[in-house]
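A.B. asks: Convert by adding 691 to the 1-based position in the sequence shown; the result is the number in the numbering used here. My questions will all concern the structure given below.
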Amino acid sequence: MSKSYANIATGLFNALASSRGVDAVYRRDELECDVTVVPGSTRVELADETGAAIRTTSADFLLKAGELVLGGVSVEPQTGDRIVIVAADGSRQTWEIQPLVGESFRWSDSARLTARVHCRLIEEADL
């Protein structure tokens with residue numbers, strides 16, 4: 692990967708994060724780290740056993756791979772990891788990474804600087 696490509700990809704993510712990013716905590720078991728996530732979605736169309744189209748939309752988050760450091764080790768997202776977002780009003784959402792068509796995340800760029808994780812909301816609470 693060229694340094695200029697990495698700089699451009701990082702700059703694009705930073706611009707997106709500054710306008711739409713949300714501070715969050717990324718958790719795996721007892722380990723956690725602070726991350727900035729950008730909410731998004733992925734539309735998927737599948738066929739059932741009769742050939743009928745099934746359309747669904749998955750909640751996604753973009754995150755910078757370099758921020759995923761758990762226990763001092765850089766990691767990739769895994770099914771079952773959680774993203775916790777606390778809003779300004781104190782409400783909390785917990786999202787769990789879930790597979791979508793066989794993958795729980797995918798890289799958003801060839802340099803693997805930004806990951807798109809597929810999630811489902813598992814808990815919502817007012818604090």
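We treat Cβ as the ideally placed atom computed from N, Cα and C, and that holds for glycine.
Would threonine 747 pass as a contact of histidine 809 if the rule is Cβ separation under 8 Å?
C.D. replies: In this structure, histidine 809 does not lie closer than 8 Å to threonine 747 by Cβ.
A.B. asks: Go through its chain and collect everything with a Cβ distance to alanine 816's Cβ below 6 Å, but skip five positions before and after it.
C.D. replies: Here the set comprises Arg783.
A.B. asks: Opposite glutamine 769 in the DSSP bridges: which residues?
C.D. replies: DSSP output for glutamine 769 lists no bridge partner at all.
A.B. asks: Could you check whether leucine 754 and valine 726 sit closer than 8 Å to each other, using their CB atoms as the reference points?
C.D. replies: Yes; because the gap between Cβ atoms is below 8 Å, this pair is in contact.
A.B. asks: Can you find the residues in the same chain that come closer than 6 Å, C-beta to C-beta, to leucine 737, ignoring five residues on each side of it along the sequence?
C.D. replies: Excluding positions up to five away in sequence, the list reads Ile745.
A.B. asks: Cα separation between valine 735 and threonine 785?
C.D. replies: Valine 735 and threonine 785: Cα-Cα distance of roughly 23 Å.
A.B. asks: Note the first and the last residue of the continuous beta strand (DSSP E) segment covering glycine 731.
C.D. replies: Taken as a continuous stretch (DSSP letters only), the beta strand (DSSP E) holding glycine 731 covers 722 to 738.
A.B. asks: Going by DSSP in three states, serine 749 sits in which element: helix, strand or coil?
C.D. replies: Three-state DSSP puts serine 749 in a strand.
A.B. asks: If I follow the unbroken beta strand (DSSP E) through glutamine 784, where does it start and stop?
C.D. replies: Start and end: 783 to 788.
A.B. asks: Quick check on this structure: which residue in Gln769, Asp751, Ile774, Thr741 has the alpha carbon closest to the alpha carbon of tyrosine 717?
C.D. replies: Closest by alpha carbon: Ile774.
A.B. asks: What separation, rounded to the nearest whole angstrom, lies between the Cα atoms of leucine 729 and serine 765?
C.D. replies: The amino acid at residue 729 is misidentified as leucine; the sequence shows valine. Rounded to the nearest angstrom, the two C-alpha atoms are 20 Å apart.
A.B. asks: Pop quiz: arginine 807 and aspartate 772 are said to be a contact at Cβ under 8 Å. What is the actual Cβ separation, rounded to whole angstroms?
C.D. replies: Contact flag wrong, Cβ pair sits at about 14 Å.
A.B. asks: Rounded to the nearest angstrom, what separates alanine 779 and alanine 743 at their Cα positions?
C.D. replies: Each residue's Cα considered, the two are about 43 Å apart.
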